[in-house]
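**Q**
In this note's numbering, the protein residues as written are 322 to 586.
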């Protein structure tokens, strides 16, 4: 899958998923721009791409700041002449576990507001610099909550459902401009915690409540799927590389299911 001469911008590029996606897209020939809130972790992620022979630049951005996201994107697009691929791998700590009787409004919106605000700000900022004859694709990583009904996950479920609905609605707006919009719905990723993902902190209370380590809890999650296993960082990254390529040029307004059968829609 050739991405030669393509410009790929990854928001949340310092995290476990963003780093893995950057390496996969770089291997296929894209020039990578990693964006995140802190330069230290960005530098580590960029080093991994360079060590594998890829080309990469980094930029600091807070995607919850609409104006800052627009300004940073305009600066980047001015340097590159446009953007071909955008991946939203941003994530935010939120409540998972409290039922409504014990859940505050602020805790409820933790699972909704930052995720949808980041999605909106990123898409609004990048869309003017994409499409036309060169085309473009925006891909967002989302958890499977939007297709589940589980106690203690109100905000998380609503937030995930919102991302999937946003994906389809925005695709209808940007399709005539030759910009595809997709989401990749992934179950918990088996090796993400070991790679430094914030999900280690997110899953810890659930695991502790069951007397388990996070890794043991992940093993239990795997047993709840049809395939009895969880996706890996490499599998997620390689799937995104496919979605970003010309092989997926007819795909838009779609949510790609990588839940190992946890969800079937």
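Cβ coordinates follow ideal geometry from the N, Cα and C atoms, glycine included.
(1) Sort 581, 375, 516, 502 by Cα distance to residue 440 and report the nearest one.
(2) Along the beta strand (DSSP E) that carries residue 377, what are the first and last residues, could you check?
(3) Mind the definition here: the region 553 to 572 touches the region 337 to 357 only if three or more C-beta pairs lie below 8 Å; say whether that holds.
(4) Hey, which unbroken runs of the alpha helix (DSSP H) at 4 residues or more fall wholly within the region 454 to 503?
(5) Could you tell me which residues DSSP puts in a beta bridge with residue 406?
(6) Between the Cα of residue 460 and the Cα atoms of 324, 329, 539, 325, which residue gives the shortest distance?
(7) DSSP three-state label for residue 323, please.
(8) Going by the CB atoms, is the gap between residue 391 and residue 446 shorter than 8 Å?
(9) Which partner residues of residue 442 appear in the DSSP bridge assignment?
(10) Kindly indicate the opening and closing residues of the alpha helix (DSSP H) around residue 356.
(11) For residue 505, which residues does DSSP report across the bridge?
(12) Report the three-state DSSP secondary structure of residue 349 (helix, strand or coil).
(13) Alpha helix (DSSP H) containing residue 527: first to last residue?
(14) Evaluate contact between the region 486 to 503 and the region 538 to 547, counting only Cβ atoms and requiring at least three cross-stretch pairs below 8 Å.
(15) Using a threshold of 8 Å, state whether the C-beta atoms of residue 546 and residue 582 are closer than that.
**A** The relevant details are as follows:
(1) 502
(2) 377 to 381
(3) yes
(4) 475 to 495
(5) 329, 458
(6) 329
(7) coil
(8) yes
(9) Partner(s): none; residue 442 has no beta bridge.
(10) Careful: residue 356 lies outside any alpha helix (DSSP H), inside the beta strand (DSSP E) at 352 to 357.
(11) 462, 577
(12) coil
(13) 520 to 530
(14) no
(15) yes
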